[in-house]
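Numbering (the working numbering), first residue to last: -8 to 479. All C-beta atoms, glycine included, are put in the ideal place defined by N, C-alpha and C. Owing to the predicted nature of the structure, the values given are computational and were not obtained by experimental measurement. A short write-up of the structure that comes next.
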């Protein structure tokens, strides 16, 4: 992760005189310093803007500086919005409008006209809000007292969303082979994805990967196996399979790093020259922050990397997931998510085990090693990006993960069980109505609000399935959105 930061740009004007402006600047610096102590990224005070030229200069600099992931604006006093017009129109970074004020309460004995002239955020933020609405710029509006925990929490979540935007705009995806034959939902318009989201999606031959694997040394494999032993329980005697996965991981990582890629996709239908589908290799790469998509699904691989970057510490509990089967006993309705091999250990409730089992699908010559574990309990989301033809749609569903209600001793894969919102059958109907894929990103620490903000910034359609969603209302919503997006 880069050392991202956010810029604090405060609005005022010359009308109030130098003493007021000095106070505004001092307070803005204080707020930036105090907020930085509890935010995931530094908030850097940049300017108390009083002219159009000042605003335009700081916006141009923000656009140019890679470490600046977004700007947060606040109008301490009344800041005429026409002077913001040129600068905000040029803005290419995420924008959050913090509608707050320096003082928490109205001071009954002290309030006079001097106080009113200095503390005009209620006045200034409305003027500032108008120009954002007039420009129709994507922006996050967070209102409340700046020291409140809820305000800081929302600011921090928006910051992580903005970092997800920065990661998206630099995303490169390495595809080994094409997507699984005859599958529709893993297809998509790569030109539109690059135009809207910044993704560069290209293919590399499996033969190139095999060549890179052949160059991996035994010493390199030894070192990676030690990492496996430190992180996971070894529950197999088949050390050759583990070492082969290490060889695959080293080769894939080397190729991705050389090309600047943060995500990759492969398919079990194209393993020419390889003995095993990368299982443990893909899982450990996801644990390092790389994105992955099975069956050639490049969209979910990029989204996995983005959600991981948006998570806590820049590599959160998010991972590639697939809906596999349902438990439809009345009162115990659950989804079981898994995949053949590749589920990220960041989702695990306990220390994962390395096991080796036969994989009865694909072109595996030998049994692949993989991590086996149960997922954590707790609230989460599943995310699917689909191509609707002419536009991209991001679908997010709220879920409640549970400890699997069955031990499933003969299922040798990582698995997560959850209750879909608003309930399993209604949630499935809504998901299918919206066109959601069987591949998703499951995340414990990225919220639906963060994904809505991300979609707004990227200018793509957003659909949220929550505890309050009704199928008939969702159908109406999708119909209206279909008409709106066709007119855009």
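Output yes or no for whether 9 Å exceeds the beta carbon distance between residue i and residue j.
| i | j | result |
| --- | --- | --- |
| residue 353 | residue 262 | yes |
| residue 469 | residue 355 | no |
| residue 246 | residue 165 | yes |
| residue 251 | residue 163 | yes |
| residue 3 | residue 72 | no |
| residue 481 | residue 348 | Not covered by the structure: residue 481. The range shown for the chain is -8 to 479. |
| residue -4 | residue 33 | yes |
| residue 62 | residue 85 | yes |
| residue 489 | residue 279 | The requested residue 489 is not part of the displayed model; the chain covers only -8 to 479. |
| residue 138 | residue 112 | no |
| residue 308 | residue 155 | no |
| residue 183 | residue 170 | no |
| residue 15 | residue 39 | yes |
| residue 302 | residue 375 | no |
| residue 325 | residue 393 | yes |
| residue 298 | residue 434 | yes |
| residue 315 | residue 330 | yes |
| residue 283 | residue 255 | yes |
| residue 432 | residue 322 | no |
| residue 389 | residue 370 | yes |
| residue 29 | residue 143 | yes |
What's the call for residue i, buried or exposed, on a 16-neighbour Cβ count within 10 Å?
| i | result |
| --- | --- |
| residue 64 | buried |
| residue 372 | buried |
| residue 145 | buried |
| residue 110 | buried |
| residue 141 | exposed |
| residue 130 | buried |
| residue 134 | exposed |
| residue 54 | exposed |
| residue 185 | exposed |
| residue 175 | exposed |
| residue 471 | exposed |
| residue 464 | exposed |
| residue 327 | buried |
| residue 150 | buried |
| residue 460 | buried |
| residue 37 | buried |
| residue 436 | buried |
| residue 381 | exposed |
| residue 104 | exposed |
| residue 249 | exposed |
Among the residues of its own chain, which have a CB less than 7 Å from the CB of residue i, if the five just before and after it don't count?
| i | result |
| --- | --- |
| residue 363 | 343, 344, 346, 403, 404 and 405 |
| residue 242 | 200, 203, 204 and 207 |
| residue 238 | 204, 207 and 212 |
| residue 244 | 276 |
| residue 235 | 266 and 267 |
| residue 160 | 189 |
| residue 445 | 152, 155 and 156 |
| residue 286 | 170, 171, 174, 177 and 258 |
| residue 187 | 383, 449, 450 and 451 |
| residue 100 | none |
| residue 77 | 43 and 47 |
| residue 415 | 317, 324, 325 and 326 |
Output needed for residue i: all residues of its chain with C-beta closer than 8 Å, excluding positions within five of it in sequence on either side, in chain order.
| i | result |
| --- | --- |
| residue 124 | none |
| residue 483 | This structure cannot speak to residue 483, because the chain is shown only from -8 to 479. |
| residue 79 | 46, 50, 86, 122, 123, 126 and 128 |
| residue 172 | 260 |
| residue 233 | 216, 219, 225, 227, 271, 345, 347 and 360 |
| residue 108 | 7, 11 and 68 |
| residue 462 | 417, 420, 421 and 424 |
| residue 198 | 263 and 264 |
Just to check my reading of the structure: residue i and residue j have Cβ atoms closer than 8 Å, yes? What is that Cβ distance to the nearest angstrom?
| i | j | result |
| --- | --- | --- |
| residue 442 | residue 385 | 6 Å |
| residue 258 | residue 277 | That belief does not hold up - the Cβ atoms of residue 258 and residue 277 are roughly 17 Å apart, past 8 Å. |
| residue -1 | residue 19 | 6 Å |
| residue 395 | residue 365 | 5 Å |
| residue 88 | residue 119 | 6 Å |
Within its chain, find whatever has a CB closer than 6 Å to the CB of residue i; leave out the 5 residues flanking it on each side and keep chain order.
| i | result |
| --- | --- |
| residue 430 | 288, 291 and 313 |
| residue 116 | 66 and 90 |
| residue 93 | 18 |
| residue 447 | 129 |
| residue 488 | For residue 488 there is no data in the structure shown, the boundaries of the chain being -8 and 479. |
| residue 480 | As shown, the chain starts at -8 and ends at 479. That puts residue 480 outside it, with no answer to give. |
| residue 368 | 392, 393 and 394 |
ask   = In chain order, which continuous runs of the alpha helix (DSSP H) of length 4 or greater are located wholly inside the segment 80 to 144?
value = Segments of the alpha helix (DSSP H) lying fully in the segment 80 to 144: 104 to 109 and 112 to 126.
ask   = Which whole runs of the beta strand (DSSP E) in the segment 25 to 51 are 3 residues long or more, in chain order?
value = 34 to 40
query = Which full runs of the beta strand (DSSP E) of 3+ residues lie inside the segment 385 to 470, going along the chain?
reply = 406 to 411, 430 to 434 and 452 to 456
key: Whole runs of the alpha helix (DSSP H) within the segment 270 to 321, excluding any shorter than 4 residues   = Listed in chain order, they are 271 to 278 and 289 to 301.
Length-filtered (3 minimum) beta strand (DSSP E) runs lying within the segment 142 to 205 = 163 to 167 and 191 to 195
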